[in-house]
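To start, the structure itself, in structure tokens.
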Amino acid sequence: MKFHNVCIEALGYSLPPNVATSADIENRLAPLYQKLKLPFGRLEMMSGIRERRLWDKGAFPSEIASQAGERAIVRSGIDRGTIGCLICASVCRDFLEPATASVVHDRLKLPKNSLVFDISNACLGVLNGMVHIANMIELGQIRAGLAVAGENGGPLVDNTIEKLLASPGVTRSTIKKSFASLTIGSAAAAVLLVHKDLSRTGHQLLGGVGMAATQFNDLCRGSADAGVHLDSAPLMETDSETLMREGCRLAGEAWTSAKAELQWTNADVDRVFCHQVGTMHRKLLYETVGLDLQKDFSTLEFLGNTGAASLPVTLALGEEQGCLEKGDKACLLGIGSGLNCLMLGVEW
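Written out as structure tokens, the structure is:
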């Protein structure tokens with residue numbers, strides 16, 4: 004896919020006030036660690052995640068997504084009346100229906116003639132939302148659109164710990180399926196895309212490639228109780244090693260196709276922003292796609308894996324910290340369980 008008229012006009016994010024270190028989580032699991040003779044410090048050592056952030060109890064995805072969305076709109080200076088599409092693309096949602104996007108739309112006071120809906124595609128949701136909005140801009144259907152995500156990983160982390168402590172039959176082998184759940188953090192992100200004629204920044208979304216390997220749809224499964232109400236008890240089981248291996252294999256294929264689509268080489272890339280999983284995943288990903296790890300901008304050390312908010316929050320923080328310069332070619336390497344992959348190219 005190629006885009007000729009789409010710019011990333013503004014990014015917004017919101018981070019939770021509460022910090023939970025990997026040591027904090029292991030201290031809560033101390034009885035189990037002692038029983039299984041697990042070494043303390045292994046969670047941070049294996050993931051590279053020092054800490055993650057958690058919202059106050061009772062936070063709704065729509066509430067935190069709206070915070071990020073408002074910041075993106077204000078930062079852009081755009082008339083919110085020009086926003087013709089709002090997509091909420093987080094894993095977490097307020098309820099199964101109506102769309103969580105409807106609550107965000109109301110909070111942001113967006114125009115009545117907007118298209119308003121959710122997209123759900125694991126950690127890839129926001130990039131899917133960006134592509135959908137970009138297509139609508141290219142077709143002349145809208146002038147601007149906003150993709151948001153509000154991820155609240157606290158209930159998953161808490162419920163995983165409680166289940167592990169309450170299960171008498173837990174072994175070193177079975178605890179591995181819960182490892183990924185303990186790396187989850189929380190954040191909210193927003194991406195505002197506009198037609199280039201409206202843009203003040205000129206940060207052009209050039210295009211990219213999507214690819215799927217759905218034979219691996221069983222490698223990460225979240226429970227049906229996905230955190231859609233205050234007393235929810237979400238759980239997730241993940242084959243982390245296979246997911247990492249097959250996900251990076253898929254990413255390698257997708258990046259080869261994306262380079263051809265964008266007419267780039269690895270040497271053309273100035274900055275790389277990835278979905279944040281862990282240091283082992285990052286190392287294998289860069290080895291697979293052949294990109295220079297020095298071009299990576301990472302947030303996993305202090306945010307953990309924040310679901311669909313992960314890549315856009317990382318991009319927003321990278322821009323805020325001045326790691327992007329005018330004219331830089333940046334790639335957005337997105338992947339989500341399923342397996343689904345999106346590789347997008349941006350000229351900043």
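Heads up: the sequence shown begins at 4 in the numbering used here, then just goes up one per residue.
Backbone N, C-alpha and C define an ideal beta-carbon position, used for all residues, glycine too.
Item: Using 8 Å as the Cβ pair cut-off and three pairs as the minimum, do the region 54 to 74 and the region 108 to 125 touch?; Value: yes
Item: In whole angstroms, give me the CA-to-CA distance for V349 and W58.; Value: 31 Å
Item: Quick one: what's got a C-beta closer than 7 Å to S93's C-beta in the same chain, skipping five residues either side?; Value: P64, A68, G128, A152, G153, E154, G310, A311 and A312
Item: Inspect the beta-carbon positions of V212 and A137 and report whether they are closer than 9 Å.; Value: no
Item: Below 8 Å on the Cβ atoms is my guess for A216 versus E249; work out the distance and round it to an integer in Å.; Value: 6 Å
Item: To the nearest whole angstrom, what separates the beta carbons of R55 and G188, a pair I think is in contact under 8 Å?; Value: 3 Å
Item: Quick check: the Cα distance between L314 and E141, rounded to an integer number of angstroms?; Value: 23 Å
Item: Which term fits N30, buried or exposed, when burial requires 16 or more other beta carbons within 10 angstroms of its beta carbon?; Value: exposed
Item: Taking the continuous alpha helix (DSSP H) assigned at F305, which residues delimit it?; Value: L303 to L306
Item: Does R363 pass the burial test, meaning 16 or more other C-beta atoms within 10 Å, or should it be called exposed?; Value: Absent from the model: residue 363. The displayed extent of the chain is 4 to 351, so no value can be given.
Item: Run through DSSP, which three-state label would D295 get?; Value: coil
Item: To the nearest angstrom, how far is the alpha carbon of P42 from that of G293?; Value: 34 Å
Item: Whole alpha helix (DSSP H) runs in the region 31 to 93 with 4 or more residues, listed along the chain?; Value: 33 to 39, 45 to 50 and 64 to 79
Item: Rounded to a whole number of angstroms, what is the C-alpha to C-alpha distance between T291 and G84?; Value: 44 Å
Item: Going by alpha carbons, who is nearest to L32 out of E165, V134 and K60?; Value: E165
Item: Between the alpha carbons of S25 and V316, how many angstroms are there, rounded?; Value: 21 Å
Item: What residue from I81, M247 and R53 has the CA that sits closest to A13's CA?; Value: I81
Item: Just to confirm, are G341 and F219 a CB contact at a threshold of 9 Å?; Value: yes
Item: List the DSSP bridge partners of R224.; Value: E240
Item: Count the other CB atoms, across all protein chains shown, that sit within 10 Å of the CB of E47; report buried if there are 16 or more and exposed otherwise.; Value: buried
Item: Near V22, which residues of its chain fall below 7 Å by C-beta distance, leaving aside the five closest residues on each side in sequence?; Value: E54 and R56
Item: Let me know the secondary structure DSSP gives V197 once reduced to three states.; Value: strand
Item: Cβ of C334 within 9 Å of Cβ of F300?; Value: no
Item: Please confirm if S243 has its CB atom under 9 Å from at least one CB of chain B.; Value: The structure shown contains no chain B, having only a single protein chain.
Item: May I ask you to list the residues that DSSP assigns as paired with G213?; Value: L345
Item: Write down the C-beta distance between L130 and L318 rounded to the nearest angstrom, noting that I regard them as a contact closer than 8 Å.; Value: In fact, because the Cβ distance is near 10 Å, the residues do not count as touching under 8 Å.
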